[in-house]
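Engineer: Per UniProt numbering, the very first residue in the sequence shown carries number 1; after that it's consecutive. From the three backbone atoms N, C-alpha and C, an ideal C-beta is built for every residue, glycine too.
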Amino acid sequence: MHTFDLSDIRCVACNSDIVPAGEGESFVCNDCARTYQKVLGLPFFGKYEDEDLLGLIEIAANIGNRDSFGITPSAVEEWEALLLAYDQATDKDAFLREVPPEKAPYFMNRYGEWSEVSYLTRDISLAGLKVLDVGAGLGFDSHRLSLLGAHVTALEFSPLLAESGLKNFPHIRWVGGFSHCLPFQNASFDAVFCNAALHHMRDVPAAIFEALRVLRPNGILITTCDSFRPSASGDDLELEIFDRDPAVLLGVNEGIPRFSDFISTLERHAEILDVELLTHVLYDAPDIGTITHLKHWNLEKDGPMLARRSGSIAMRVRLKDVWPDPARVQMNGVLSAHEYVSWMSSASNAVRKLAPMMPQKYVNLPFFADKGSKFELLNGWRRPQKYHHARTAYRRGRWFMQSPSERPILAFDISLPRDGSSGVEAVKVMLNGAAVGDYPVSNKNWVSAKVDIAAIPSGDVFSIELEGIGGGASIEEAAFVVRNRRLISNTSGLDVENKCRNCQNSTVYAVIPVFNRLHFTRECIRYLKEQTYIPLKIIVADGGSTDGTRDIIRAEFPDVVVLSPADAELWWSGSMAMGIDYVLRDSSGVDDYVLMMNNDTQFPADYVETLVAVSKLHDAAVGALIVDSRDATRVLDAGEYIDWATYTFSVKHSVDDGERFCDDVDVLPGRGSLIPLRMIRAVGNIDASMLPHYLADYEFFCRFKEQGFRLGVSYETQIVAHIEETGIIPTSGSSAFRAIWHEIFSRRSMSNFLDHWRFVTRHAPKEYRNHIRFRLVKRVIADFTLRTPARWFFFPIYLLLTSPWRTWAVVKGQKRAFSRLAAAIRRDGADVVCQPKLIPGIIRLPVYLAVAPGPLKREHIEEHGLVADELLRRGILRQTRCHEWYALNTVNFGGDAASTELEGLRRKAWNPVAKVGRTFSWYMAMRKTRVAK
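#1: Can the beta-carbon of V152 be found less than 9 Å from the beta-carbon of H143?
#2: For the pair the stretch 225-233 and the stretch 254-266, tell me if three or more CB-CB distances fall below 8 Å.
#3: Can you list the beta strand (DSSP E) stretches of 3 or more residues lying completely in the stretch 102-162, in chain order?
#4: Rounding to the nearest angstrom, what Cα-Cα distance links E476 and E23 in this structure?
#5: So, at 6 Å on beta carbons, what are the nonlocal neighbours of E276 in its own chain, with the 5 sequence-adjacent residues on each side left out?
#6: My assumption, with CB atoms under 8 Å, is that L354 sits in contact with L56. Please give the rounded CB distance.
#7: Which of helix, strand or coil does DSSP assign to I861?
#8: Taking the C-alpha atoms as reference points, what is the distance between E699 and V561?
#9: Closer than 6 Å by C-beta to P359: which residues in its own chain qualify, once you throw out the five before and the five after it? Chain order, please.
#10: With distance defined between alpha-carbon atoms, name the residue in G468, N432, A454, S463 nearest to Y439.
#11: Flag this pair as touching only if the stretch 298-309 and the stretch 835-854 have three or more C-beta atom pairs under 8 Å; answer yes or no.
#12: Given a cut-off of 9 Å on the beta-carbon distance, is the pair R826 and D287 in contact?
#13: Please report the Cβ distance between L239 and W323, rounded to the nearest whole angstrom; I am assuming they are in contact, meaning their Cβ atoms lie under 8 Å.
#14: Quick check: the Cα distance between A89 and L849, rounded to an integer number of angstroms?
#15: Provide the residue span of the beta strand (DSSP E) that contains H280, from first to last.
#16: Mind reading off the beta-carbon distance from P513 to G544? Whole number of angstroms is fine, and I expect it under 8 Å.
#17: Go to T648, then tell me how far its alpha helix (DSSP H) extends in each direction, as first and last residue.
#18: Measure the alpha-carbon distance for K47 versus S16 and round it to whole angstroms.
#19: Distance check for A782 and E267, CA to CA, integer angstroms please.
#20: Which class does S751 belong to by DSSP, given the choice of helix, strand or coil?
#21: Would you kindly check if the distance between the Cβ of F242 and the Cβ of K361 is under 9 Å?
#22: Taking the alpha-carbon positions, what's the residue 963 to W885 distance?
#23: Quick one: is G176 buried, meaning 16 or more other Cβ sit within 10 Å of its Cβ, or exposed?
#24: Alpha carbon to alpha carbon, what distance is there between V612 and Y694?
#25: Once the 5 residues before and after R383 are set aside, which same chain residues still bring their CB inside 7 Å of it?
#26: Can you find at least 3 beta carbon pairs, one from the stretch 166-182 and one from the stretch 94-114, that sit closer than 8 Å?
#27: Using CA coordinates, which residue listed in T507, D643, V627, D631 is at the minimum distance from D586?
#28: Are at least three pairs of beta-carbons, each pair with one atom in the stretch 410-421 and one in the stretch 438-452, less than 8 Å apart?
#29: What is the residue span of the alpha helix (DSSP H) that F784 lies within?
#30: Mapping the DSSP letters down to three states, classify W741 as helix, strand or coil.
#31: For the candidate residues G904, G875, C882, R844, whose alpha-carbon lies nearest to that of E863?
#32: Going by CA-CA distance only, name the one from V281, I772, G437 that's closest to A426.
#33: What's the gap between the Cα of L674 and the Cα of W381?
#34: Quick one: is the Cβ of P101 within less than 8 Å of any heavy atom of the ligand COA?
#35: Pick out whichever of E465, A887, Y340 has its Cα sitting closest to the Cα of L902.
#36: Tell me, please, which residues DSSP counts as bridged to Q718.
In structure tokens, the structure reads:
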């Protein structure tokens with residue numbers, strides 16, 4: 001029987017010595033009597049804690065790969081020989097073309113790791129040294145270190161990975177344990193390696209602390225290939241990057257630690273450390289730009305700069321004296337590795353067993369949050385998308401929920417993304433690892449799924465897993481979407497819920513404000529009468545039509561309520577307010593609705609039914625997608641927003657694949673929006689006295705937002721608008737005094753000065769209010785002085801007054817341009833002439849004519865015996881916006897085998913006489929390309 005060496009092992013609970021117990025399958029602490037066991041053949045010291053549960057999900061994700069990881073000594077040695085050969089190759093591009101296809105996708109990543117380790121160990125002989133490999137994984141780097149003569153101990157968190165490592169690399173001592181609480185005594189190792197592993201660890205500062213603690217004086221800590229982000233950054237950056245990472249979505253706990261996580265421990269005892277700090281990639285380096293080669297930095301001098309940036313970091317730290325701080329201990333273990341391994345019959349079973357242990361912060365997470373979380377990513381759920389009311393899962397999605405005392409049915413809807421790229425054929429639903437239903441899915445409709453959770457004791461945590469059946473390897477090919485997760489009472493309750501959905505027991509009052517345009521009103525009423533939603537009452541609020549609208553509508557549609565003013569002509573606001581007043585008096589239902597309609601619209605037969613369903617689902621006032629009657633593919637309004645800082649009203653004009661609901665709009669239009677009547681009772685009616693026509697709907701819905709009500713736009717139905725029938729639209733350019741006057745002060749004008757002044761006064765945030773008023777006044781003055789015939793008098797004055805500011809703006813712009821040019825020269829040297837846009841405009845033309853290479857066509861390249869596609873691949877050429885034309889990326893061909901031919905090509909591109917003609921030809925070709933598009 002192999003005897004495990006305990007000479008440097010400590011108890012992670014009390015820091016005392018460990019001795020064998022039983023028949024060598026367990027170990028016990030001499031002091032606190034804590035027992036540790038062998039797990040899958042190797043000793044495991046410590047227990048998993050609450051914070052390790054993300055890592056346990058990762059281990060579960062690997063269960064299916066057990067015994068098939070494929071990392072063996074021969075595989076490592078083959079890689080080692082290949083990487084060394086590449087490093088020594090004179091023609092690296094040619095070498096890469098010969099790399100075996102199965103290795104090609106990973107080759108440069110492997111080489112990056114290899115080159116960092118090789119550089120950081122450049123003057124170190126590992127022969128005979130006692131070395132610890134932290135986060136050893138399957139043993140790839142441990143074996144490389146042993147090939148250099150080191151006596152290697154490999155520490156691994158995952159029993160599955162360590163089991164494989166022990167089988168394939170038995171000459172290495174394998175230990176199970178935790179990087180933040182190493183099971184080794186102080187000063188036990190000559191060197192500690194952590195290759196591409198720190199960013200997987202839950203506590204990077206603690207891991208570095210422990211690595212330094214177990215080093216002997218003059219020992220070396222080497223870490224490589226760890227991504228980092230700015231010290232002050234939040235988690236959004238990490239979530240954004242990992243949202244499209246298949247490995248993370250399948251449970252691999254990748255991370256991007258902050259820069260401060262790497263250096264906080266080093267700063268703690270800087271006096272006993274020699275730190276060599278390098279980056280392999282650094283984004284946005286000062287005056288250099290992105291750096292993609294190993295570069296040294298001075299921690300004290302450059303640390304503040306690095307703390308504001310992101311990239312990848314490597315470190316070599318020499319410990320000059322014994323680490324002064326005591327070892328970390330573990331007191332809050334909740335699960336032994338031995339017990340966890342016993343659950344590993346499948347990933348689902350392991351997760352089922354983990355469910356009751358989940359910290360409360362991971363239980364009952366809202367399915368729709370603003371940003372999502374790392375925990376949700378690891379469980380398959382991509383981040384919530386703006387404007388979407390469904391979540392996308394990759395291959396599988398998982399929830400941890402607490403069983404309620406009532407409503408023992410969990411229901412949700414499943415579909416596929418609308419773009420049609422997913423190959424998922426069905427979704428299997430599992431409750432605590434046991435299959436409870438298979439649901440065939442498509443991108444054409446939603447399938448309702450129900451899970452009976454009545455057997456789960458009240459208060460217990462359970463897992464729900466949705467697994468996609470079929471699909472490809474990419475994010476898009478293995479995606480499915482889920483919406484409307486909800487708990488309902490019971491099976492009969494579900495039937496009642498479905499019946500309630502179909503039983504239309506809320507009255508919808510469609511209010512149509514009209515003024516003449518009888519043909520539009522007739523058409524709108526007919527569309528409403530064809531609706532599938534039955535309890536629908538139509539109110540025509542006539543604002544004083546002179547074309548017989550009132551009498552004709554009453555005669556043709558006796559069931560339609562026609563309202564008219566007693567004595568005055570009403571505009572849109574007055575007419576709509578009159579209709580809503582009628583509804584408020586007539587309605588007796590608590591769940592009734594007002595549908596605000598314009599008569600110049602068309603809509604499908606299920607328009608009202610769809611909006612009611614969406615409003616109930618999201619508890620919101622909802623509008624619909626608005627498209628142009630002249631071109632139904634043109635989206636006029638998919639959501640409206642107010643930017644108070646600039647006082648602009650932006651409109652969303654596109655809908656992404658999969659978008660069904662936009663839930664963060666600032667306002668809704670008065671055209672086709674459905675509002676729960678209870679909301680109107682809370683905020684009041686349209687304010688027709690303040691805003692008689694335009695902006696009244698915006699003002700109305702601003703009050704909804706201020707009261708905390710939700711506004712949204714449904715993309716599951718649409719309304720067709722005759723936009724050409726609208727009022728006075730703001731124009732630009734010169735015009736007559738009368739036209740400008742009407743544009744600024746007419747009641748039918750969208751840019752009515754008084755309306756905007758009143759709207760801003762009531763709803764603009766205080767910090768923006770005066771600034772917006774100033775802009776409104778400024779616009780009126782500018783319109784009358786610069787857009788009317790008076791501009792011939794005022795324009796010279798305007799130029800005179802603004803010329804100092806314009807001159808200064810030009811000077812500042814050129815100063816910035818020269819600074820960018822200087823940085824580009826430091827970064828790229830002479831190659832900067834290949835990027836004319838980097839040259840300040842004031843000198844661009846003479847510099848371009850004198851020294852820059854011009855555009856080239858394929859035949860120009862082939863004249864010199866060169867192949868354009870090959871030069872593109874090598875980065876010597878780039879393709880311009882016109883596909884048949886190319887440009888040089890570099891003028892430095894030193895050492896290139898074809899340097900003579902390339903120099904000839906450079907001279908041809910530079911030739912000032914020919915360059916002018918080719919540049920003109922390229923410009924004309926590009927214009928044709930734009931026109932064709």
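Structural biologist: Taking the geometry as given:
#1: Here residue 152 corresponds to residue number 152 of the sequence shown, with the count starting at 1. Here residue 143 corresponds to residue number 143 of the sequence shown, with the count starting at 1. Yes.
#2: yes
#3: 130-134, 151-156
#4: Here residue 476 corresponds to residue number 476 of the sequence shown, with the count starting at 1. Here residue 23 corresponds to residue number 23 of the sequence shown, with the count starting at 1. Roughly 52 Å separates the two Cα atoms.
#5: Sequence index remark: in the sequence shown, residue 276 carries index 276 (1-based). Excluding residues within five positions, the ones whose Cβ falls inside 6 Å are R316.
#6: Working through the sequence shown from its first residue, we reach residue 354 at position 354. Working through the sequence shown from its first residue, we reach residue 56 at position 56. Sure, about 6 Å apart at Cβ, within 8 Å.
#7: Position 861 of the sequence shown, counting from 1, holds the residue named residue 861. Note: I861 maps to helix in three-state DSSP.
#8: Here the question's residue 699 lines up with position 699 in the sequence shown. Here the question's residue 561 lines up with position 561 in the sequence shown. Going by the C-alpha atoms only, they are around 26 Å apart.
#9: On the sequence shown, position 359 is the one that residue 359 refers to. So the qualifying residues of the chain are D50.
#10: Residue 439 sits at position 439 when you count from the first residue of the sequence shown. Among G468, N432, A454, S463, the Cα nearest to that of Y439 is on G468.
#11: no
#12: By one-based count along the sequence shown, residue 826 stands at place 826. By one-based count along the sequence shown, residue 287 stands at place 287. Their beta carbons are under 9 Å apart, which means R826 touches D287 by this criterion.
#13: Walking along the sequence shown from the start, residue 239 turns up at place 239. Walking along the sequence shown from the start, residue 323 turns up at place 323. Incorrect: roughly 35 Å between the Cβ atoms, too far for contact.
#14: What you label residue 89 is simply residue 89 of the sequence shown in a count that begins at 1. What you label residue 849 is simply residue 849 of the sequence shown in a count that begins at 1. Going from the Cα of A89 to the Cα of L849 covers about 39 Å.
#15: The residue labelled residue 280 in the question sits at position 280 within the sequence shown. Segment 273-285, the beta strand (DSSP E) holding H280.
#16: Numbered from its first residue, the sequence shown carries residue 513 at position 513. Numbered from its first residue, the sequence shown carries residue 544 at position 544. That pair is no contact at about 11 Å.
#17: Mapped onto the sequence shown, residue 648 falls at position 648. T648 -> not in any alpha helix (DSSP H); beta strand (DSSP E) instead, spanning 648-651.
#18: Walking along the sequence shown from the start, residue 47 turns up at place 47. Walking along the sequence shown from the start, residue 16 turns up at place 16. Answer to the nearest angstrom: the Cα atoms are 17 Å apart.
#19: If you number the sequence shown from 1, residue 267 lands on position 267. If you number the sequence shown from 1, residue 782 lands on position 782. The straight-line gap from Cα to Cα measures roughly 59 Å.
#20: The residue you call residue 751 lines up with position 751 of the sequence shown. In the structure shown, S751 sits in coil (DSSP, three-state: anything other than H, G, I, E or B).
#21: The residue given as residue 361 occupies position 361 in the sequence shown. The residue given as residue 242 occupies position 242 in the sequence shown. No, these two residues do not count as a Cβ contact at 9 Å.
#22: Within the shown structure, residues of the chain are numbered from 1 to 933, placing residue 963 beyond reach of any answer.
#23: If you number the sequence shown from 1, residue 176 lands on position 176. With 16 or more other Cβ atoms within 10 Å, it is buried.
#24: Locating residue 694 in the sequence shown gives position 694, counting from the first residue. Locating residue 612 in the sequence shown gives position 612, counting from the first residue. Their backbone Cα atoms lie some 26 Å apart in a straight line.
#25: Along the sequence shown, one-based indexing puts residue 383 at 383. Around R383: L239, D243, K371, G372.
#26: no
#27: The sequence position of residue 586 within the sequence shown is 586, counting from 1. Looking at the Cα atoms, T507 is the closest of the given residues.
#28: yes
#29: Counted from its first residue, the sequence shown places residue 784 at position 784. Counting along the chain, the alpha helix (DSSP H) containing F784 begins and ends at 766-786.
#30: Your numbering for residue 741 matches position 741 in the sequence shown. The answer is helix: DSSP assigns W741 an H, G or I state.
#31: Working through the sequence shown from its first residue, we reach residue 863 at position 863. Out of G904, G875, C882, R844, G904 has the C-alpha closest to the C-alpha of E863.
#32: Counted from its first residue, the sequence shown places residue 426 at position 426. Of V281, I772, G437, the residue nearest in Cα terms is G437.
#33: Numbered from 1 along the sequence shown, position 674 holds the residue referred to as residue 674. Numbered from 1 along the sequence shown, position 381 holds the residue referred to as residue 381. C-alpha separation (whole angstroms): 32 Å.
#34: The ligand COA is not part of the structure shown, which contains no ligands of any sort.
#35: As a first step, residue 902 is located in the sequence shown; it is residue number 902 there, counting from the start. Minimum Cα distance to L902 is reached at A887.
#36: Here residue 718 is taken as the residue at index 718 of the sequence shown, counted from 1. DSSP lists L625 as partners of Q718.
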